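So in UniProt numbering, spot 135 of the sequence shown is number 135, and the numbers just go up one at a time.
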Amino acid sequence: MQIESQSNTEFPHHEIAPSQNMARTMSSQEIAYLVSSRHDKVKQSIERLAERGTIQLPPMGVVKNHLGQSVSVFQVNKRDSFIVVAQLSPEFTAALVDRWQELEQSQGRVIATLPDFSNPAAAARAWAEQFELQQAANQALAIAAPKVEFVDKYVESTGLKGFRQTAKLLGANEARFREFLLDRRIMYRMGGEWQAYQSHVDAGRFEVKTGTTDGGHAFNQAKFTPKGVHWIAGLWAQYKLEAQ
1 MQIESQSNTE
11 FPHHEIAPSQ
21 NMARTMSSQE
31 IAYLVSSRHD
41 KVKQSIERLA
51 ERGTIQLPPM
61 GVVKNHLGQS
71 VSVFQVNKRD
81 SFIVVAQLSP
91 EFTAALVDRW
101 QELEQSQGRV
111 IATLPDFSNP
121 AAAARAWAEQ
131 FELQQAANQA
141 LAIAAPKVEF
151 VDKYVESTGL
161 KGFRQTAKLL
171 GANEARFREF
181 LLDRRIMYRM
191 GGEWQAYQSH
201 VDAGRFEVKT
211 GTTDGGHAFN
221 QAKFTPKGVH
231 WIAGLWAQYK
241 LEAQ
């Protein structure tokens, strides 16, 4: 799977605490922007992870959005931000790494600077920070791996697939998959046939096949393209993770 870095993207206003004695954080609003997700969805994911004990519930803050309105956000530390992104969209992990580097460099922090090992307290802090980051990376990989494997498995899918074929590929219950497609406004039923919303057809996720039955009845069938199978597999995997 190719991952495109968003390091040149203009991000919402965000500040990292400049003091080395203060924890550096990234707002949930910026994480939402980074992974192209709704802010409320990101906040819900953070709350679920905190309820499970995977991360600590971060402190709340208030920032201004692009309309100048005050918005409540979570201030997420570096370790937990990797876990949140791994839960939401692991394919954006590289972009998150790039973004943290940009934010840290903008504060004039030299990442490669070694701690003063003659100072026991400084050495202990440096060791603890590296240990926590390694734990976070391992945990993020554990969360991300099943989803990435699930999505990549269907990249190789070839040919057009109907609703039932796609549900079978995903190992999805047809009734649950049908409800998912309806709720996400991906497909709808018209005249007893499943149709795709035009925006998804235009995006190349579906092709519409037309024909006539032996009885002279004209029909239209929306079929998933290989691109559409890959896309829906990612959405379905995320849906299953959120439902856990």
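Idealized CB from N, CA, C, for every residue including glycine. Bear in mind that the values here come from a model prediction, so they are computed numbers and not experimental data.
Whether residue i touches residue j by CB criterion (8 Å)
{"i": "residue 252", "j": "residue 223", "result": "Because residue 252 is not part of the residues shown, which for the chain are 1 to 244, the question remains open."}
{"i": "residue 221", "j": "residue 209", "result": "yes"}
{"i": "residue 28", "j": "residue 46", "result": "yes"}
{"i": "residue 96", "j": "residue 85", "result": "yes"}
{"i": "residue 232", "j": "residue 166", "result": "yes"}
{"i": "residue 63", "j": "residue 76", "result": "no"}
{"i": "residue 241", "j": "residue 56", "result": "no"}
{"i": "residue 187", "j": "residue 196", "result": "yes"}
{"i": "residue 164", "j": "residue 174", "result": "yes"}
{"i": "residue 32", "j": "residue 24", "result": "no"}
Residue-level contact to chain D via CB, residue i, 8 Å cutoff
{"i": "residue 50", "result": "Going by chain labels, chain D is absent from the structure shown, which holds only one protein chain."}
Close Cβ partners of residue i (< 8 Å) along its chain, the five nearest in sequence each way excluded
{"i": "residue 264", "result": "For the chain, the structure presents residues 1 to 244; residue 264 sits outside this window and is missing."}
{"i": "residue 60", "result": "72, 73, 74, 75"}
One or two residues paired with residue i in a DSSP bridge
{"i": "residue 64", "result": "70"}
{"i": "residue 207", "result": "223"}
{"i": "residue 27", "result": "75"}
{"i": "residue 194", "result": "189"}
{"i": "residue 161", "result": "224"}
Residue i burial status per 10 Å Cβ neighbour count (16 or more: buried)
{"i": "residue 78", "result": "buried"}
{"i": "residue 80", "result": "buried"}
{"i": "residue 236", "result": "buried"}
{"i": "residue 44", "result": "exposed"}
{"i": "residue 279", "result": "This structure cannot speak to residue 279, because the chain is shown only from 1 to 244."}
{"i": "residue 238", "result": "buried"}
{"i": "residue 234", "result": "buried"}
{"i": "residue 89", "result": "buried"}
Proximal residues to residue i (C-beta, below 6 Å), its chain only, five neighbours per side dropped
{"i": "residue 177", "result": "167"}
{"i": "residue 183", "result": "none"}
{"i": "residue 26", "result": "76, 81"}
Cβ-based neighbour list, residue i, same chain, cut-off 7 Å, excluding 5 preceding and 5 following
{"i": "residue 50", "result": "56, 57"}
{"i": "residue 280", "result": "Since the first residue of the chain shown is 1 and the last is 244, residue 280 is not available in this structure."}
{"i": "residue 192", "result": "none"}
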